[in-house]
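Numbering-wise (our numbering), the sequence shown opens with residue 25 and increments by one. Backbone N, C-alpha and C define an ideal beta-carbon position, used for all residues, glycine too. Here the structure is a predicted model, which is why all the values come from computation and not from measurement.
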Amino acid sequence: MTGPKGPRRCVFCHTNEVVTGDSATQLREQGVALLRDVFPKDSLTKLKEAAARCFEAIGTGRSVPERYRFNRFSHSVLLTALTGFGCGGPEELVAPLSAAGLYQLFLDAMGCEWTCSMEQSWVRKKFTPLQAPGPQYYLQNWHQDGALGVRFPAESGPVIPMTPLLTCWIPLDACGRDSPGLEFVRRRQAALLHFTELDDCALRQRFPPQEFWAPVLELGDGLVFLNGTLHRTYTRPEMPYNRLSVEYRIFPQRVSPNAS
25 MTGPKGPRRC VFCHTNEVVT GDSATQLREQ GVALLRDVFP KDSLTKLKEA
75 AARCFEAIGT GRSVPERYRF NRFSHSVLLT ALTGFGCGGP EELVAPLSAA
125 GLYQLFLDAM GCEWTCSMEQ SWVRKKFTPL QAPGPQYYLQ NWHQDGALGV
175 RFPAESGPVI PMTPLLTCWI PLDACGRDSP GLEFVRRRQA ALLHFTELDD
225 CALRQRFPPQ EFWAPVLELG DGLVFLNGTL HRTYTRPEMP YNRLSVEYRI
275 FPQRVSPNAS
């Protein structure tokens, strides 16, 4: 999907418009912006129903085609897998990106026209610790999405350029309180940290406590964050429910993402 050459007209009257100036400031200063009640709930419900059918099939031993790249460790598949479970096609898959003001926010953040890569957009199921499906599943620890396609040296050293991208993350369930959400370090990062620097204890010594943030989100909310923003799956042992989510990877239109 490619961003159009002008503002989009939103047809979802029951959602709020992205306040582009405020959100752009959050992105610029903190690396992440919280968008409240801006994504069309009817589109999210369709995605949720298809995602539930998809992961139910996987859970009962039914395999999905290899092209959808099911990852048992992160329990995720390419978003395009949902076309086999009730989503009508590409337009339904990317319908949440039609939220009013989102095009301009992406444009401002990228500094150019943008494209959504369906080869790097995912639907994920994250489990409460009490319901983890087995030892092969793990929570995604601290990382930066700008490391996509980057090959790190064995030891930390010179600054490694980040892959230019933006992530739009939308939960399909309320999350952050009773089901897994995301946790961030709310500080813009200009470079990639080496993988040896991503230990939770090391990061909590490196950054002040007030910069660690795990927002509570409802259906219709979402997050947009930069390629350098540190984040991970957020869970607590007592959480009773699992969580479904979709994430869209946004690239400069002139760049072809090189997935690892």
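Considering only residues of the same chain and omitting the five flanking positions on each side of residue i, which have a CB-CB separation below 7 Å?
i	result
residue 138	27, 130, 131, 274, 275, 276 and 277
residue 103	117, 142, 145, 146, 147 and 270
residue 210	54, 55, 56, 235 and 237
residue 77	109 and 110
residue 94	82, 88 and 101
Going by Cα to Cα distance, which pick from the options is closest to residue i?
i	options	result
residue 270	142, 252, 181 and 213	142
residue 180	264, 218 and 195	218
residue 256	189, 150, 196 and 186	150
residue 66	238, 252 and 196	196
residue 51	87, 155, 134 and 175	134
residue 157	198, 166, 100 and 62	100
residue 63	120, 216 and 152	120
residue 258	87, 154 and 206	206
residue 222	253, 154, 248 and 48	253
residue 105	58, 82 and 97	82
residue 208	184, 161, 233 and 123	233
residue 193	85, 113, 161 and 268	268
residue 167	191, 159, 80 and 243	191
residue 162	96, 177, 113 and 220	96
residue 220	243, 154, 231 and 177	177
Mapping the DSSP letters down to three states, classify residue i as helix, strand or coil.
i	result
residue 262	coil
residue 268	strand
residue 144	strand
residue 112	coil
residue 284	No answer about residue 284 holds up, because its pLDDT of 39 lies below 50 and its placement is not dependable.
residue 288	Any answer about residue 288 is impossible in this case: the structure gives the chain only from 25 up to 284.
residue 241	strand
residue 249	strand
residue 100	strand
residue 123	coil
residue 76	helix
residue 94	coil
residue 156	coil
residue 256	strand
residue 130	helix
residue 273	strand
residue 36	Residue confidence for residue 36 is low, a pLDDT of 33 falling below 50, so the modelled location carries little weight; the figure read from the coordinates is stated next. DSSP places residue 36 in coil when its eight states are reduced to three.
Excluding the five sequence neighbours on either side, which residues of its own chain have a C-beta within less than 8 Å of the C-beta of residue i, listed in chain order?
i	result
residue 111	70, 71, 74 and 117
Identify, in the order they occur along the chain, each residue of the same chain with its Cβ nearer than 6 Å to the Cβ of residue i, setting aside the five sequence neighbours on each side.
i	result
residue 251	169, 170, 186 and 189
residue 245	60
residue 241	195, 199 and 200
residue 215	183
residue 213	252
residue 239	58 and 200
Subject >> Within the region 160-223, ranges of the beta strand (DSSP E) (whole runs, at least 3 residues) >> reply: For the region 160-223, whole beta strand (DSSP E) runs of length 3 or above, ordered along the chain, are 190-195 and 205-209.
Subject >> Cβ pair count under 8 Å reaching 3, the region 199-213 against the region 260-267 >> reply: Between the region 199-213 and the region 260-267 there are three or more inter-stretch CB-CB distances shorter than 8 Å, so the stretches are counted as touching.
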